[in-house]
Structure formats: C-alpha cells, structure tokens
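Visitor: Residue numbers (my numbering): 87 to 578. Virtual Cβ for every residue (Gly too), placed ideally from N, Cα, C. For clarity, every value in this text was computed on a predicted model and none was experimentally measured. Here it is: the structure, laid out below.
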C-alpha cells in the first residue's frame with residue numbers, strides 16, 4: 087500500500103509543475119522600467135538593455151532640455167519607473183519638481199551628483215555645475231559601470247545579459263576615447279569659439295583651445311550684450327578661426343559674430359538632435375563632432391604647425407599593449423631609467439612647469455592620492471613628473487618645482503628629440519602653441535593630461551584622466567597593489 091501511495095505522489099509532480107508554469111511561477115521577472123532624460127544618456131541605457139527592454143526617452147528634438155516640461159503621460163511613467171536617470175537641474179530644470187516628488191530617491195540617478203565622474207563648474211561660477219558631462223568619453227565609461235551595476239541589482243535574473251551588453255558598450259566607448267586622445271592634435275593649436283558654451287569637458291580632455299563663447303547653460307540660457315561684443319572682438323582679432331554652433335538650438339546672432347572676419351561657422355550636434363535614438367547614438371555623435379571640429383581646425387592651422395590628416399589608431403596598438411621605456415636625467419643630475427623601479431609601481435605625469443592650471447592640479451591630485459595610502463603602500467609607488475618642455479624646464483627649474491608636490495617625486499628631462507620619442511612610447515601627445523603676443527619665449531604646451539600607471543614589471547596598467555578625484559586614484563592604487571581580483575571594469 088505504501089508503495090502505491092509513493093507512486094501516486096510521484097505522479098502528481100509533473101501536474102504540480104504544469105500548474106506552476108501556467109500560473110506564472112516559471113516566468114522571468116518583468117524587466118525594469120527605465121526612464122531617461124536626454125539622448126546621450128539614453129544611448130548608454132539602450133545599449134545595456136538591448137534584448138531586455140527599451141528605456142523611455144523624455145526629451146525629444148522639438149525643444150532643448152532646459153525648456154522641457156513633463157506632460158501627464160511622462161509624469162505617470164516617472165512615477166511607475168524602477169530607475170530614472172537625468173543630468174541635473176542645470177540642464178533639465180523642468181524635471182526637478184517631478185523627480186523630487188518621487189517615492190524612493192534610490193530609484194533616481196542624478197548624473198551630476200555622481201562622485202566618480204569629473205564634474206566641472208560653470209565658467210566663472212564655482213557654485214554651479216557644467217551639465218555637458220557626457221562630452222568627455224571617460225565620464226561615460228565610468229557612468230556605464232554605474233548604470234550596469236544598478237540594473238544588475240534591480241534585475242539579477244538577467245545579470246549575464248547586462249554584463250554582455252556592458253562589455254560591448256565599454257569596448258565601443260574605449261575605442262572612441264582612444265581615437266579622440268590619439269587625434270588630439272587635430273583639435274588643438276588654433277583658438278576656436280562656441281556660440282553655446284557646451285565643450286568645456288571636451289576642451290579639457292582633448293586639449294582644445296576654446297577662446298570664447300556667448301551663451302552659458304545653467305538651468306537655461308544665460309547671455310548678455312557684453313558677452314556677444316567680447317566674443318565678436320576676440321574673433322575679429324584672429325586672421326581666421328572657427329565658430330561652432332549647435333544643431334537644434336536657437337543662435338540668432340551668428341551673423342553678427344561672423345561679420346568682418348574670416349570665420350568658418352560649423353554645426354555640431356552635442357545633444358544628438360539629428361541622430362536616431364538608440365545604442366549607437368553616442369558613439370556616432372562623438373565621432374561626428376570630433377571630425378567636424380578637426381576639419382575646421384586643420385583648415386585654419388598655420389602650415390608650420392599643421393598636423394597630418396587624422397587617421398584613427400589601430401585598437402590593437404592601444405596603451406594596454408605597451409611597455410613604455412625611458413632613459414632621462416632627474417633634478418639631481420642622475421640618470422634614471424624605467425628599469426630602476428623594478429618591483430614598484432610608477433605613477434607618471436607629462437607636463438611642464440610653466441603650465442598655469444592643469445599640471446599643478448594633476449600633480450596635486452597625484453600627491454594627495456599617495457598621502458591617502460598607508461606609508462607601506464605609498465613606498466611601493468614612485469611618483470614621476472616628465473617635462474614636455476625641456477628647453478625651459480632645466481634641472482634647476484625642475485628641482486624647485488617638484489618639491490612643492492611630493493618629497494619623493496622625480497622631475498625628469500631629456501633632449502627635445504629624446505623627450506618626443508619617450509612620449510610616443512606612452513602614446514602621450516604634446517605640441518608647442520605660440521603666444522598670441524608674438525613673444526617666442528611665452529609659448530604654451532598642449533599636452534595629454536592623464537596620469538599613467540606602470541606595473542611592477544614596467545608594463546602599462548591604466549591611466550587616470552585629468553579631473554579624477556584623489557580619493558578615487560588612491561582607491562584604484564590600493565587595488566593594483568593587491569593580487570588581481572575580478573572587477574566589472576578597469577576604470578580609467
């Protein structure tokens with residue numbers, strides 16, 4: 087009898103499984119409902135959610151983000167969303183009230199609030215944030231990590247899909263970043279102007295020289311007659327220059343600015359207004375903007391400093407495949423080579439002592455990061471400053487300069503030809519920019535502004551972009567000092 091009962095119980099198992107399946111017990115969870123403010127941010131999420139769901143885009147092409155106001159349908163979608171991603175009140179002020187009213191602010195990612203990103207102040211006002219954070223691809227690489235991690239928490243059943251999509255997106259972003267960094271000469275060396283001040287992040291990341299603008303974006307458009315007249319006078323003081331305007335934005339005074347000078351007016355599309363929303367929008371937008379800027383700069387660059395036509399680099403020849411080599415003299419007159427630091431990490435910055443802001447800021451971050459480490463960890467890292475201006479940065483000048491940042495920092499110099507060859511092994515770029523005053527001794531240097539980290543065998547590990555917080559550099563250094571462990575990404 088007991089055997090018959092056991093058989094009867096077993097025969098019920100398939101029936102129970104069928105009931106569970108029909109009742110939804112075997113169905114995957116609903117995909118997360120994601121709402122995004124603008125196209126560049128939507129592009130990242132569309133890529134991460136590919137094969138899962140389509141994120142809802144709020145701001146279309148009929149008005150700029152600062153003029154957008156959510157309608158009733160958008161408000162309902164915001165209230166029902168599992169994740170809301172927006173830039174911040176500086177770009178989308180009309181969303182602020184609706185987002186503040188949402189229950190559970192953990193559902194919201196405000197991009198300008200992310201500590202891992204480089205967020206710059208509006209020019210001339212340190213209290214406000216420049217909202218065009220996506221125009222530095224390194225910011226988007228870090229934001230991609232944040233978004234992928236949030237989706238995995240919301241929807242762990244689809245973790246493998248999100249990780250696969252993350253790898254695809256990260257590879258595309260990294261290739262574009264290398265293209266822009268290796269091609270920086272094509273956007274530098276000529277003062278350029280913007281109608282809307284959209285490209286401060288791009289300027290700092292890729293050594294572009296922005297000489298002026300008319301309209302700032304800070305919760306709306308801010309401009310005055312004085313800004314217009316100053317920009318016009320500055321543009322007319324140059325024999326030839328570029329004026330960049332933005333697709334989809336009203337710019338009524340372009341003719342006034344361009345009148346009376348040799349000005350090339352070039353349209354950019356920094357909001358993706360002319361590109362179909364989707365995973366490929368951001369990459370297409372950045373490539374298009376770069377080529378538009380580079381084409382104009384090349385046309386107006388003096389023949390003696392003009393670079394060759396831009397050629398996209400082979401990704402297989404990226405810095406990750408490099409083992410940089412150098413032999414130079416330090417501030418004490420001693421010979422120093424890459425082999426002198428076997429078994430230690432090297433944290434290296436290329437710059438020059440006459441640099442007014444970016445170099446001191448980067449070296450201060452380097453020094454602060456080392457001070458955040460335990461003494462034993464800090465001793466395993468050699469800080470190095472390599473000058474790209476050996477004509478002015480003599481041994482004595484370097485000795486006085488590096489002492490202000492860290493007592494163990496070495497200041498290295500070589501002949502101009504040797505310096506150029508050494509920089510090439512790091513894929514670091516620089517060039518001389520003559521002074522507008524005509525004084526040959528008052529030139530400046532456009533240069534790559536990243537911190538390079540070499541491993542214990544002298545191999546390239548990673549680089550930290552200008553603006554990366556010292557706390558984040560220190561955290562990364564601690565990781566690299568430990569035995570390797572799996573990570574979602576290798577942040578730059």
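(1) State the start and end residues of the unbroken alpha helix (DSSP H) segment that holds residue 486.
(2) Measure how close the beta-carbons of residue 415 and residue 552 come, nearest whole angstrom, since I'm counting them as under 8 Å.
(3) Considering residue 503, what are the terminal residues of the alpha helix (DSSP H) in which it resides?
(4) Taking just the CA atoms, how far does residue 506 sit from residue 288?
(5) In three-state DSSP terms, what is residue 90?
(6) On the criterion of 16 or more Cβ atoms from any shown chain inside 10 Å, does residue 239 qualify as buried, or is it exposed?
(7) Tell me which same chain residues have a C-beta within less than 6 Å of the C-beta of residue 467, skipping the five on either side of it?
(8) Whole angstroms is fine: what's the gap from residue 495's alpha carbon to residue 480's?
(9) Could you have a look at residue 196 and say whether DSSP puts it in helix, strand or coil?
(10) Take residue 426 as the anchor and find which of 541, 115 and 558 has the nearest alpha-carbon.
(11) Looking at the secondary structure, which residues open and close the alpha helix (DSSP H) in which residue 221 lies?
(12) Alpha carbon to alpha carbon, how far is residue 137 from residue 131?
(13) May I have a chain-ordered list of the alpha helix (DSSP H) segments no shorter than 4 residues that lie completely inside the region 119-187?
(14) With three or more beta-carbon pairs closer than 8 Å as the criterion, would you say the region 244-251 touches the region 350-362?
(15) Compute the Euclidean distance between the alpha carbons of residue 368 and residue 465, then round it to the nearest angstrom.
(16) Taking only three categories from DSSP, how would you classify residue 562?
(17) Between which two residues does the alpha helix (DSSP H) containing residue 211 stretch?
(18) May I ask you to report which of helix, strand or coil DSSP gives residue 336?
(19) Let me make sure I understand the geometry here. Which of 190, 232 and 168 has the alpha-carbon closest to that of residue 198?
(20) Is residue 287 helix, strand or coil by DSSP?
(21) Between residue 227 and residue 263, how many whole angstroms is the CB-CB distance? I'm expecting something under 8 Å.
(22) Helix, strand or coil, according to DSSP, for residue 260 in the structure here?
(23) Are the region 516-527 and the region 155-171 in contact at 8 Å, needing three or more beta carbon pairs?
(24) Helix, strand or coil, according to DSSP, for residue 298 in the structure here?
(25) Please determine, among 456, 471 and 428, the residue with the shortest C-alpha to C-alpha distance to residue 446.
(26) Between residue 274 and residue 294, how many whole angstroms is the CB-CB distance? I'm expecting something under 8 Å.
Guide: If we stick to the structure as given:
(1) Per DSSP, the unbroken alpha helix (DSSP H) holding residue 486 starts and ends at 481-488.
(2) The Cβ separation is near 26 Å, so there is no contact.
(3) Unbroken alpha helix (DSSP H) run through residue 503: 502-512.
(4) Residue 288 and residue 506 have their C-alpha atoms roughly 24 Å apart.
(5) Note that residue 90 has pLDDT 42, beneath the 50 cutoff, so the model's placement of it is unreliable and no number is given.
(6) With fewer than 16 Cβ atoms within 10 Å of its Cβ, residue 239 is classed as exposed.
(7) Cβ within range, chain order: 431 and 433.
(8) Straight across, the Cα-Cα distance linking residue 495 with residue 480 is about 16 Å.
(9) In the three-state DSSP reduction, residue 196 falls in the strand class (E or B).
(10) Selected option, being the one with the closest Cα: 541.
(11) For residue 221, there is no enclosing alpha helix (DSSP H), as DSSP marks it with neither H nor E.
(12) Whole-angstrom Cα-Cα distance: 12 Å.
(13) Within the region 119-187, the complete alpha helix (DSSP H) runs of at least 4 residues are 125-134, 158-166 and 182-186.
(14) Judged by Cβ distances under 8 Å, the region 244-251 makes no contact with the region 350-362, as fewer than three pairs qualify.
(15) Looking at the backbone, the Cα of residue 368 and that of residue 465 are separated by about 41 Å.
(16) Helix.
(17) Taken as a continuous stretch (DSSP letters only), residue 211 belongs to no alpha helix (DSSP H), being part of the beta strand (DSSP E) at 211-215.
(18) In the structure shown, residue 336 sits in coil (DSSP, three-state: anything other than H, G, I, E or B).
(19) Comparing alpha-carbon positions, the option among 190, 232 and 168 lying closest to residue 198 turns out to be 232.
(20) Looking at residue 287 - three-state DSSP - the assignment turns out to be helix.
(21) Their Cβ separation, rounded to whole angstroms, is 7 Å, which keeps residue 227 and residue 263 in contact under 8 Å.
(22) DSSP places residue 260 in helix when its eight states are reduced to three.
(23) The answer is no - the region 155-171 does not touch the region 516-527, with fewer than three Cβ pairs under 8 Å.
(24) Here residue 298 carries a strand assignment [DSSP, helix/strand/coil].
(25) With distances taken between Cα atoms, residue 446 lies closest to 471.
(26) Correct: roughly 6 Å between the Cβ atoms.
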